[in-house]
Amino acid sequence: MRHDHLISARQLSRGDVETVLDRAAEFDAGERVARDDDLLGLCFFEPSTRTKMSFDTAMKRLGGDTVDMGTVESSSVKKGESLADTVRVVAGYADALVLRHPSEGAAKLASEFVDVPVINAGDGAGQHPTQTLLDLYTIRENAGLDDITVGIMGDLKYGRTVHSLAEALTEFDVRQHFISPESLRLPRNVRYDLHEAGADVREHTDLAGILPELDVLYVTRIQRERFPDENEYREVAGEYRIDADTLDAAREDLTVMHPLPRVDEIAPDVDETDHATYFEQAHNGVPVRMALLDLMLSGDGGDGR
Amino acid sequence: MTDADQELRVSKIVNGTVIDHIAAGQALNVLAILDIDGSGGEEVSVGMNVPSDRLGRKDIVKVEGRELSPAEVDVLSLIAPAATINIVRDYDVVEKSRVTRPEVVTGILSCPNTNCISTAGEPVESRFEVLDDAVRCGYCDELLREDLAAHIATD
């Protein structure tokens with residue numbers, strides 16, 4: 009790792025990813041370190057369950073501790089404090105900050121105001137690079153990270169986990185297929201990055217045609233709140249729902265992933281199949297975030313800390 | 029008729045700036061970038077769609093009593109990449125330069141993404157990375173390709 013901050017998956021080279029995933033595997037195998045003096049600041053301006061808890065768990069499993077800003081309603085943000093001021097204050101208490109915020113670019117801005125590492129835990133519809141690291145860890149465990157075909161389906165326009173994952177996969181030998189309603193295609197800036205990276209990319213509105221080719225199917229929620237018209241949502245939502253019958257057409261070793269929470273895009277009967285990997289994926293958040301925190305707090309990136 | 033002859037079709041200026049070789053049709057956007065709408069009393073001459081040896085057709089803008097700042101030249105380069113800037117003092121061209129595309133423009137364009145943190149009242153200036161055929165917000169990554177003049181930041 010050669011970064012002071014982790015803001016976007018675009019920062020991550022193949023070598024960076026492999027360093028984090030290898031370290032995560034060591035933690036997964038039971039390695040322990042004692043970062044007793046390290047404190048992680050948790051600044052969540054949006055509700056979060058998995059991401060916040062897994063960062064909290066990861067830091068505590070490393071032997072360190074966390075300080076939590078609390079909810080927006082109970083913080084000085086409610087009084088109108090700027091993000092720049094909030095992070096400057098919390099950075100005075102902690103050795104690194106984890107930031108989730110509803111606005112795109114929030115983590116980038118925060119990184120310009122503090123001297124400690126900032127980790128982007130989701131900025132609006134922008135990026136979610138630590139989710140991507142645990143996604144890559146899960147893919148590597150189940151399918152390998154080279155010479156594979158990955159389908160990413162659902163809300164590709166606003167899904168920050170999709171944006172980060174798509175960009176990170178360009179570092180590997182991966183054929184990427186994007187499946188969504190026309191109105192929820194990948195945003196222009198992500199398509200630009202994929203094109204610039206020379207990625208092997210195809211876009212579809214229908215899963216059936218591509219499903220048999222996939223090694224990995226990454227499903228995201230079609231977000232009802234994004235549609236101006238409820239009927240328009242109903243028309244497309246059902247088409248992007250998978251169940252055990254849908255997967256009859258898939259390869260036996262297809263890995264089905266989802267960043268969670270799911271609503272109804274993956275039927276419960278998929279849970280009973282060998283394809284279901286989303287709960288394992290969620291659990292991988294802890295070793296991967298342990299690895300990332302350990303590397304960033306150790307200053308192993310040659311950044312001088 | 030040469031470019032120099034065309035330049036003379038609009039009146040010479042005493043002191044100020046002649047922006048030549050603007051892509052045809054972009055003169056009004058250049059004026060928008062310079063925040064010139066006539067209300068400030070500036071003396072402005074505009075030539076549009078005049079023949080050009082280099083561009084085929086071009087626009088020319090002459091602004092009396094004003095020399096462009098480097099920041100203004102930076103952003104001009106985004107919509108008029110072939111433009112030449114002539115600084116005139118006492119009827120003589122004392123500096124002649126072509127615009128060059130900067131790597132970054134700061135504080136000039138406003139991000140059109142209404143959910144971008146740079147538009148949320150935080151203590152930062154907008155910042156855009158200049159790409160070959162677009163500019164990209166340094167905060168939210170939004171790409172801007174068309175109609176950059178419409179996104180010039182206003183106080």
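Chains A and S, in that order, give the protein sequences. Residue numbers for the first sequence follow my numbering, so the first one is 9 and each next one is one higher. Residue numbers for the second sequence follow my numbering, so the first one is 29 and each next one is one higher. Just so it is clear, CB atoms sit at the ideal spot from N, CA and C, and this is done for glycine as well. Small disclaimer: the values here were computed from a predicted structure and weren't measured.
To the nearest angstrom, report how far apart residue i and residue j are at their CA atoms.
| i | j | result |
| --- | --- | --- |
| residue 118 of chain S | residue 81 of chain S | 27 Å |
| residue 99 of chain A | residue 230 of chain A | 36 Å |
| residue 45 of chain S | residue 174 of chain S | 26 Å |
| residue 90 of chain A | residue 116 of chain S | 45 Å |
| residue 273 of chain A | residue 122 of chain A | 40 Å |
| residue 60 of chain A | residue 48 of chain A | 11 Å |
| residue 125 of chain S | residue 90 of chain S | 15 Å |
| residue 296 of chain A | residue 29 of chain A | 7 Å |
| residue 206 of chain A | residue 196 of chain A | 15 Å |
| residue 186 of chain A | residue 161 of chain A | 6 Å |
| residue 86 of chain S | residue 77 of chain S | 5 Å |
| residue 309 of chain A | residue 109 of chain S | Note on residue 309 of chain A: pLDDT 44, under 50, position unreliable in the model; no value is reported. |
| residue 133 of chain A | residue 188 of chain A | 16 Å |
| residue 148 of chain A | residue 216 of chain A | 25 Å |
| residue 31 of chain A | residue 292 of chain A | 12 Å |
| residue 136 of chain S | residue 72 of chain A | 44 Å |
| residue 312 of chain A | residue 13 of chain A | Note that residue 312 of chain A has pLDDT 33, beneath the 50 cutoff, so the model's placement of it is unreliable and the number below is only indicative. Those two C-alpha atoms are separated by around 13 Å. |
| residue 132 of chain S | residue 54 of chain S | 22 Å |
| residue 33 of chain A | residue 55 of chain A | 29 Å |
If you follow the alpha helix (DSSP H) that residue i is in, where does it begin and where does it stop?
| i | result |
| --- | --- |
| residue 107 of chain S | 98–107 |
| residue 129 of chain A | From DSSP, residue 129 of chain A is part of no alpha helix (DSSP H) but of the beta strand (DSSP E) over 126–131. |
| residue 116 of chain A | 114–119 |
| residue 239 of chain A | 238–245 |
| residue 293 of chain A | 293–306 |
| residue 177 of chain A | 168–177 |
| residue 202 of chain A | 196–204 |
Going along chain A, which residues have a C-beta under 8 Å from residue i?
| i | result |
| --- | --- |
| residue 146 of chain S | 113, 117 |
Name the chain S residues that come within less than 7 Å of residue i, Cβ to Cβ?
| i | result |
| --- | --- |
| residue 132 of chain A | 143 |
| residue 196 of chain A | 171 |
| residue 200 of chain A | 171 |
For residue i, which residues does DSSP report across the bridge?
| i | result |
| --- | --- |
| residue 164 of chain S | S:157, S:171 |
| residue 47 of chain S | S:89, S:113 |
| residue 47 of chain A | A:73 |
| residue 14 of chain A | A:127 |
| residue 185 of chain A | A:159, A:210 |
| residue 102 of chain A | Paired residues: none, contrary to the question. |
| residue 52 of chain A | A:108 |
| residue 79 of chain S | S:85 |
| residue 137 of chain S | S:180 |
Residues of chain A with a CB under 7 Å from the CB of residue i: which are they?
| i | result |
| --- | --- |
| residue 150 of chain S | 90, 91, 92, 117 |
Figure out for me which residue from the options has the closest Cα to the Cα of residue i.
| i | options | result |
| --- | --- | --- |
| residue 228 of chain A | A:170, A:183, A:31 | A:170 |
| residue 38 of chain A | A:153, A:66, A:213 | A:66 |
| residue 218 of chain A | A:276, A:178, A:254, A:126 | A:254 |
| residue 214 of chain A | A:245, A:168, A:81 | A:245 |
| residue 105 of chain S | S:95, S:49, S:66, S:169 | S:49 |
| residue 82 of chain A | A:103, A:63, A:52, A:58 | A:52 |
| residue 84 of chain S | S:159, S:52, S:172, S:178 | S:52 |
| residue 237 of chain A | A:268, A:191, A:294 | A:191 |
| residue 50 of chain A | A:75, A:277, A:62, A:17 | A:75 |
| residue 143 of chain S | S:169, S:97, S:157 | S:169 |
| residue 102 of chain S | S:61, S:40, S:70, S:171 | S:61 |
| residue 136 of chain A | A:120, A:172, A:107 | A:172 |
Is there at least one non-hydrogen atom of the ligand PLP closer than 6 Å to the beta-carbon of residue i?
| i | result |
| --- | --- |
| residue 291 of chain A | Among the components modelled here there is no ligand, and therefore nothing to report on the ligand PLP. |
Since residue i meets chain A, which of its residues come closer than 9 Å, beta carbon to beta carbon?
| i | result |
| --- | --- |
| residue 164 of chain S | 197, 200 |
Please report the residue range of the beta strand (DSSP E) in which residue i lies.
| i | result |
| --- | --- |
| residue 225 of chain A | 224–227 |
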